[in-house]
Each structure stands twice: as structure tokens, then as C-alpha cells.
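Student:
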Amino acid sequence: MRRRLWIGQISGLPHSATGRLVCARGIATMTAAEAQQGSPPADAVRAKKLHGRAFYESIGSPKFVVAPMVDQSEFAWRMLTRSFVPESEQSNLLAYTPMLHARLFSQEDKYRKAHFQAVRPGPSSSSEPWLDGNPSIDRPLVVQFCANDPEALLSAAQHVAPYCDAVDLNLGCPQGIARKGHYGAFLQEDQDLIFRLVNTLHRELPVPVTAKIRILETKEKTLAYAQNVLKAGASILTVHGRRREQKGHITGVADWEMLKFLRDNLPADTVMFANGNILQQGDIEKCLEATGADGVMSAEGNLSDPAIFAKPPPVGEEGREYWRGKDGKGGWRVDAITRRYLDILHKYALGSEPPRRRPLFVPGDDTAWMAEAERTEAESDEPAKKRRKKDGSGPSKREELSPNLAAMQPHLFHLLRHLVSRHTDVRDMLARSRKDGIDGYERVLAAAERKVAEGLLEYERTGGQSFDDELAALADDADGDVPSGESSRGTIRRCRRPWWVAQPIVRPLPGEALAKGAITLSKKARAAKAEGAEAKRDAEGPGKETKENGDAAAEGTKEEIASRDELVAG
Ligand SMILES: Cc1cc2nc3c(=O)[nH]c(=O)nc-3n(C[C@H](O)[C@H](O)[C@H](O)COP(=O)(O)O)c2cc1C
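When we follow full-length UniProt numbering, the leftmost residue of the sequence shown carries the number 1, and every step to the right adds one.
(1) Given 6 Å as the limit, tell me if M99 has its C-beta closer than that to any heavy atom belonging to ligand 1.
(2) Comparing C-alpha positions only, which one of A234, E57, E245 and V209 sits nearest to R179?
(3) Compare the beta carbon distance of A95 and A349 with 7 Å and say whether it is the shorter of the two.
(4) Counting only the same chain and skipping the five closest in sequence on each side, list residues whose C-beta sits under 8 Å from that of L419.
(5) Where does M99 sit, in a helix, a strand or coil, going by DSSP?
(6) Would you call K49 buried or exposed, if buried means 16 or more other Cβ atoms sit within 10 Å of its Cβ?
(7) Along the chain, where does the beta strand (DSSP E) that runs through V65 open and close?
(8) Using DSSP with H/G/I as helix, E/B as strand and the rest coil, what is H159?
(9) Is the closest heavy atom of ligand 1 to the C-beta of M258 under 6 Å?
(10) According to DSSP, is R214 part of a helix, a strand, or is it coil?
(11) Have a look at A118 and P129 and give me their C-alpha separation to the nearest angstrom.
(12) Taking all protein chains shown into account, do 16 or more other C-beta atoms lie within 10 angstroms of the C-beta of P40, making it buried, or fewer, making it exposed?
(13) Do you know whose CA, among W323, L342, L415 and Q191, lies nearest G437's CA?
(14) For V70, verify whether its CB is less than 6 Å away from any heavy atom of ligand 1.
(15) Tell me the residue span of the alpha helix (DSSP H) that contains H418.
(16) By how many angstroms is the C-alpha of N265 removed from the C-alpha of D294?
(17) Terminal residues of the continuous beta strand (DSSP E) containing A274?
(18) What would DSSP say about C164, mapped onto helix, strand or coil?
(19) What ranges does the beta strand (DSSP E) occupy inside the region 74-152, keeping only unbroken runs of at least 3 residues that lie completely in it?
(20) Between E74 and the rest of its own chain, which residues show a CB-CB distance below 7 Å, the 5 nearest in sequence each way excluded?
(21) Spatial neighbours of D269 within its chain, please: CB distance less than 7 Å, with the 5 preceding and 5 following residues excluded, ordered by chain position.
(22) To the nearest angstrom, how far is it from the Cα of C495 to the Cα of R489?
(23) Any idea what DSSP makes of H411, helix, strand or coil?
(24) Can you say whether I59 is buried or exposed, counting buried as having 16 or more other CB atoms within 10 angstroms of its CB?
(25) Could you pull out every residue in the same chain whose Cβ sits closer than 8 Å to the Cβ of E151, ignoring the five residues on either side in sequence?
(26) Helix, strand or coil: how does DSSP classify M370 here?
(27) Give the straight-line distance between the Cα atoms of M272 and P359, rounded to the nearest whole angstrom.
(28) Between which residues of its own chain and A156 is the CB-CB distance below 6 Å, once the five residues before and five after are set aside?
(29) For the beta strand (DSSP E) that contains G330, what are its first and last residues?
(30) Buried or exposed, going by whether 16 or more other CB atoms sit within 10 Å of the CB of Q72?
(31) Sort Y322, H346 and G351 by Cα distance to S337 and report the nearest one.
(32) Where DSSP assigns a beta bridge to L474, which residues make up the other side?
(33) Can you tell which of S127, T218 and L237 has the C-alpha that lies nearest to the C-alpha of D255?
(34) Can you find a heavy atom of ligand 1 that lies under 6 Å from the Cβ of H49?
(35) Measure from the alpha carbon of H159 to the alpha carbon of each residue in L171, E220, G133 and T491, then state which is nearest.
(36) Taking 7 Å as the threshold (C-beta atoms), are K247 and P135 in contact?
Here it is as C-alpha cells:
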């Protein structure tokens with residue numbers, strides 16, 4: 001018997017408890033075999049496809065959105081993020097896949113298998129839902145593509161349509177690779193092509209199309225751009241409140257005022273997501289209020305704290321995973337998050353039982369395990385090459401091929417950023433772990449757990465003094481020659497928590513990067529900056545101050561953009 005897969009968004013009612021969608025006008029279905037051939041069955045195409053707000057409501061009107069992130073919003077990370085949201089609120093969280101390349105996806109089976117694991121590998125008739133878009137665990141889900149050819153985009157989108165709620169077009173990628181490939185934000189100047197790309201999916205694809213754009217220099221231009229995308233048929237418009245030039249050291253803050261302007265000037269039933277400036281959970285409500293958007297998308301904030309969309313537990317109900325300090329401020333412990341993350345990888349990506357773990361340590365527990373753990377760490381810390389040779393360990397073929405395993409190291413560097421900058425031995429261990437696969441990351445977890453236990457005990461022993469000293473040092477830090485309004489010091493102080501708690505990485509603002517000499521402006525960049533400021537002044541009329549954030553073309557940076565920044569594709 002052929003298993004039928006559900007196409008969620010066709011004439012759908014909201015998700016049922018199992019995450020499946022029930023259709024109002026009968027059930028529109030597609031077999032995995034049909035899906036793999038990329039051809040939707042006739043009944044699916046004929047069924048009425050929901051659009052705009054009706055579609056948004058059919059997936060549960062999500063307010064929280066995991067951003068598309070190249071190599072970083074993969075299945076395991078989405079599962080981890082979802083794991084912090086209560087079961088009853090799952091439909092409030094929508095996730096985007098990493099950006100996939102439409103032409104490669106439409107043409108290369110190998111690329112598809114390496115990036116989208118909707119069904120188990122094996123005989124082509126296998127239609128068992130597996131990871132990406134699995135209706136009972138990975139929905140609602142939007143799959144994102146970059147493209148510049150409507151036919152290639154449609155062909156790629158048809159492959160994933162049976163496994164997702166919508167397909168998104170990336171119009172925000174600002175990287176050099178997008179400039180060369182002519183996609184992402186480099187399509188901005190070709191509004192006709194953008195219309196054709198979105199409109200082709202709107203007309204031909206059995207699931208809705210959505211789009212993610214960046215803002216332009218002026219409100220009027222951005223509004224016209226948004227109107228074009230919506231007219232072409234986008235059901236949801238995500239707006240990243242930064243311009244194409246704002247990346248790397250000159251990322252700066254996102255412009256929520258511009259998002260509010262769009263909200264006020266687009267048709268009232270437009271579904272809009274706001275993106276940019278979300279560092280902590282509390283910023284989400286602020287953003288919803290300031291912009292009037294339907295939902296808030298987070299990328300970097302989510303990478304630093306996958307629990308960013310979850311309400312903290314009430315005082316007194318912290319349990320072992322959440323830590324609250326004497327000042328009442330707290331956060332999810334990084335060792336707890338890492339455990340959850342590794343357990344998800346064991347269970348789903350590797351299909352094996354996660355290791356049995358003792359209860360996460362809290363002060364007051366027996367500490368005998370700590371000395372034992374330290375001994376084991378020392379023994380297992382022999383050079384990886386030697387160890388692999390001795391015990392034949394190393395990643396299995398399955399691990400090597402898994403996009404979820406490949407994403408682990410950057411995730412852990414991000415999540416453990418504050419821990420590893422203090423405990424450089426753990427940083428070195430993490431840097432070496434990739435070649436050992438999941439075993440290497442288990443060793444990193446063991447070391448992180450021991451360090452966190454030590455940190456917690458010290459905090460208790462000193463009555464919180466160990467962290468108070470750190471905060472005091474921050475308060476003493478002078479801003480140097482950084483002009484007022486261009487300093488990130490206040491934000492750093494607001495967000496700072498002890499290193500065992502998940503917290504954002506606050507980027508220096510462009511003014512600070514300039515003052516520190518991390519970037520210099522090239523002639524071209526200086527001209528671009530002056531021109532941008534002038535255009536903004538003209539657009540905003542006399543008497544309005546412009547915020548200059550050193551926003552110049554990337555060519556002006558002195559340093560090579562760090563590898564993480566290379567990944568910032570939207
Ligand atoms: C590691 C990383 C990868 C990203 N990859 C994508 C991507 O594949 N597609 C996309 O539209 N945006 C991508 N972006 C941009 C984010 O989706 C988002 O627009 C941007 O980071 C601003 O949001 P934030 O302030 O919450 O970080 C990426 C960002 C990061 C940090």
C-alpha cells in the first residue's frame with residue numbers, strides 16, 4: 001500500500017494535535033513517489049490553495065519564526081528550538097530551512113539528498129516521512145530557495161512542496177557569492193524578475209509562496225518593493241530591517257521604524273514578519289509592538305539561545321535546566337541546551353538511543369562525579385589522530401553525510417561562545433571535535449558540564465560575587481571616542497549573564513568598529529556613505545537627524561570578514 005502524504009496548506013483547517021492538517025474540502029494528498037518526481041497530482045493542483053492571511057491562519061498564526069540560516073537552521077536545530085516551546089503552543093512557532101540553491105536542487109539528486117532529508121534514504125519507493133518536514137515533528141515549515149530563474153525555482157520547489165507548508169524566496173542575501181550568482185539581495189534592481197519568480201510559484205506551486213526582503217534606502221522605495229512582491233502573490237512578507245550594505249562589521253541596528261511604515265502603508269490584511277535586533281526573549285514583544293508585525297523572525301538571537309521563543313519558567317520553578325541569579329535575572333544553562341541538542345542528534349539523525357545521563361548538576365548535589373569526569377577528560381584528551389588510530393573511532397559514513405552532524409561545530413561555538421572564551425581548553429577540544437563525530441561532541445559536553453558545575457559552585461560560595469565583579473568591570477569600561485548613540489556598551493550590560501547561561505553575542509556597532517580600526521572606509525565606501533546619507537536626508541526632509549552607522553560598502557573592511565559572517569546570507 002502506498003503511504004499518502006498530506007499537503008498541509010490546501011484548503012486547510014489549522015493543524016491538528018498531531019501536526020497534520022485536515023482539509024476543509026476533502027483531503028488533498030500526494031504520494032512520496034509523485035513528490036519525488038516533482039509533479040504534483042492533478043487533484044492537489046485543482047484543490048483551492050490558501051493565500052495570505054487565510055494561509056497564515058491555517059498554520060496556526062505563528063508569532064515566533066526561526067530564520068532561514070545557511071547550514072544552521074537545519075532539522076536538528078529546529079527540533080531543539082521547538083523543544084523549549086510547550087506542546088500546546090507548537091503552532092506558534094514557524095521555522096524556515098536554510099537557503100537552498102534552486103538550480104542545484106532541481107538538477108542534482110546528490111545535492112537534494114545532502115540538504116533535505118524528507119524520506120529515509122534507500123530504495124526510491126521509500127516514502128516513510130523521516131526528518132525534514134515530517135508532519136508529526138517538523139511543522140510548520142517553510143523551505144527557502146535562492147534563485148534567478150523562475151523555471152528552475154519552480155522545479156526545485158516542486159520537490160519540497162509535499163513536505164512543507166510554503167516555499168520562500170530569498171531576496172536578502174548580501175554576500176559576495178550572491179552578487180556573483182545574481183541572487184538574494186542582488187535581484188533588488190530587477191523588480192520584474194522578482195515579480196516573475198514569485199508569481200511563477202504563486203500560479204504553479206501547490207503550496208503558497210513567501211518572500212524575505214531587505215529594506216531599501218528610502219521608505220517609498222521599500223514600500224514599492226514590498227508591493228511588487230505582494231502583487232506577485234507572496235502570502236507572507238518577511239522584512240529584514242537592514243539594507244544590503246549592512247553586513248559584517250557594518251551590520252548595525254535594524255530599522256524598526258521602516259517596518260512600522262510598511263505595516264501602516266501595506267494593505268491591512270498583509271501578513272508581515274519583522275526581522276532584526278532580537279537579542280533576548282523580551283525583545284520579541286517589543287518588536288511586535290513597535291512594528292505591528294504579525295510575527296518576529298530571529299537568526300543570531302536564536303543561535304545564541306535556542307530557547308529565545310520560550311517564556312522563562314516562573315520564579316521557584318526553574319528546575320535543573322534554567323538558572324536564575326540573585327538579581328532575579330537568568331537564562332537557560334548552556335550545558336542543559338547542549339544535552340538536549342546532542343540527544344536530538346542521537347535520536348533522529350543517528351537513529352540511536354541517547355546515552356543515559358545523570359541528572360544535570362545543581363549545587364547541593366553530590367560532587368564526586370566531577371573528579372572522575374576530570375580524570376576521564378585528561379585520558380581522552382590525547383591527540384585525536386592517535387586515538388582514532390588506536391580505537392578505530394571517528395565519524396561513521398552516516399555521520400559524515402548528515403547535514404545535521406555537519407552543522408554541530410558552528411552551533412556549539414555559537415552556543416558556548418561565552419563559556420569557551422573563558423575556558424579555552426574546551427574551545428580547543430571543540431575545535432578538534434569535528435573529526436571524531438558525535439563522540440567528539442559528547443566529550444565537549446562532558447567538559448562543559450564540569451565547568452558549569454564549577455561555575456555554579458563558585459557563584460554559591462562567593463554569594464554571587466564572582467559575577468558581580470564581572471558586571472562592575474563592564475560598568476567601568478569606557479567607550480573611548482565612540483560617538484554617543486553608536487555604542488553597544490548599554491546593550492552588553494543589559495544582556496550580560498554568567499557564562500554558563502545562554503545569551504546573545506552583542507556585535508560592536510559600526511561606529512565602534514571604525515573607532516577601533518577594525519574597519520576603514522575605502523574611497524568608494526566613503527562616497528557611498530555620503531550618498532546614502534544625502535538620499536536619506538532628502539527623503540526624510542529637512543530637520544530630521546540621520547543615524548549614521550558607518551554603513552558603507554563591504555569593500556571598505558580592512559579585515560577579511562570572519563567565516564561566520566560569510567554565512568550571514570539574508
Ligand atoms: C549563520 C546565518 C546564516 C544565515 N543564512 C540565511 C539564509 O540562508 N537565508 C536568509 O534569508 N537569511 C539568512 N541569514 C540572515 C538571517 O535570516 C536574518 O535575516 C539576519 O541574520 C538578521 O536577523 P537577526 O538580527 O535575528 O540575526 C543568515 C544569518 C545567519 C546568522
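For glycine and all other residues, C-beta sits at the position ideal for the given N, C-alpha and C.
Tutor: Here's the rundown:
(1) Within the cutoff, so yes.
(2) Considering only alpha carbons, the answer is E245.
(3) No, the Cβ-Cβ distance between A95 and A349 is not below 7 Å.
(4) Once the five neighbours on either side are set aside, the close Cβ partners of L419 are V334, V426, A448, K451, V452, W499 and W500.
(5) Looking at M99 - three-state DSSP - the assignment turns out to be coil, as it is neither helix nor strand.
(6) Its Cβ being crowded by 16 or more others within 10 Å, K49 is buried.
(7) Element bounds for V65: F64 to V66.
(8) If DSSP states are grouped into helix, strand and coil, H159 belongs with the helices.
(9) In this structure, the C-beta of M258 stays at least 6 Å away from each heavy atom of ligand 1.
(10) Annotated three-state conformation of R214 is strand, per DSSP.
(11) So the two alpha carbons sit approximately 6 Å from each other.
(12) For P40, the predicted model reports a pLDDT of 44, less than 50, meaning its position is unreliable; a value from the coordinates is still stated below. Answer is buried; the Cβ neighbour count reaches 16.
(13) Residue L342 is the option with its Cα nearest to G437.
(14) V70: yes, Cβ under 6 Å from ligand 1.
(15) In the DSSP annotation of this structure, the continuous segment of the alpha helix (DSSP H) that includes H418 starts and ends at R417 to R422.
(16) C-alpha separation (whole angstroms): 15 Å.
(17) A274 -> beta strand (DSSP E) spans M272 to N275.
(18) When secondary structure is reduced to three states using DSSP, C164 falls in the coil class, being assigned neither helix nor strand.
(19) Within the region 74-152, the beta strand (DSSP E) runs of at least 3 residues that lie entirely inside it are, in chain order, 93-96 and 141-146.
(20) So the list reads P98, P403, N404 and A407, once near-sequence residues are dropped.
(21) Within the same chain, D269 has close Cβ partners G52 and R53.
(22) Going by the C-alpha atoms only, they are around 10 Å apart.
(23) Shown here, H411 sits in a helix according to DSSP, grouped into three states.
(24) Burial of I59 is indicated by the presence of at least 16 other C-beta atoms within 10 angstroms of its C-beta.
(25) Contacts found: T200.
(26) DSSP places M370 in helix when its eight states are reduced to three.
(27) Taking the straight line joining both Cα atoms gives about 42 Å.
(28) A102, F105, S106 and F145.
(29) Note, G330: beta strand (DSSP E), G330 to W332.
(30) Buried, since its Cβ has 16 or more Cβ neighbours within 10 Å.
(31) In the sequence as displayed, the identity of residue 337 is Ile instead of Ser. Looking at the Cα atoms, Y322 is the closest of the given residues.
(32) According to DSSP, which records beta bridges pairwise, L474 is partnered with nothing at all.
(33) Considering only alpha carbons, the answer is T218.
(34) A small correction: the amino acid at residue 49 is Lys; His does not occupy that position in the sequence shown. No - ligand 1 has no heavy atom lying nearer than 6 Å to the Cβ of K49.
(35) Checked all of L171, E220, G133 and T491; the closest Cα to H159 is G133.
(36) A distance of 7 Å or more separates the beta carbons of P135 and K247.
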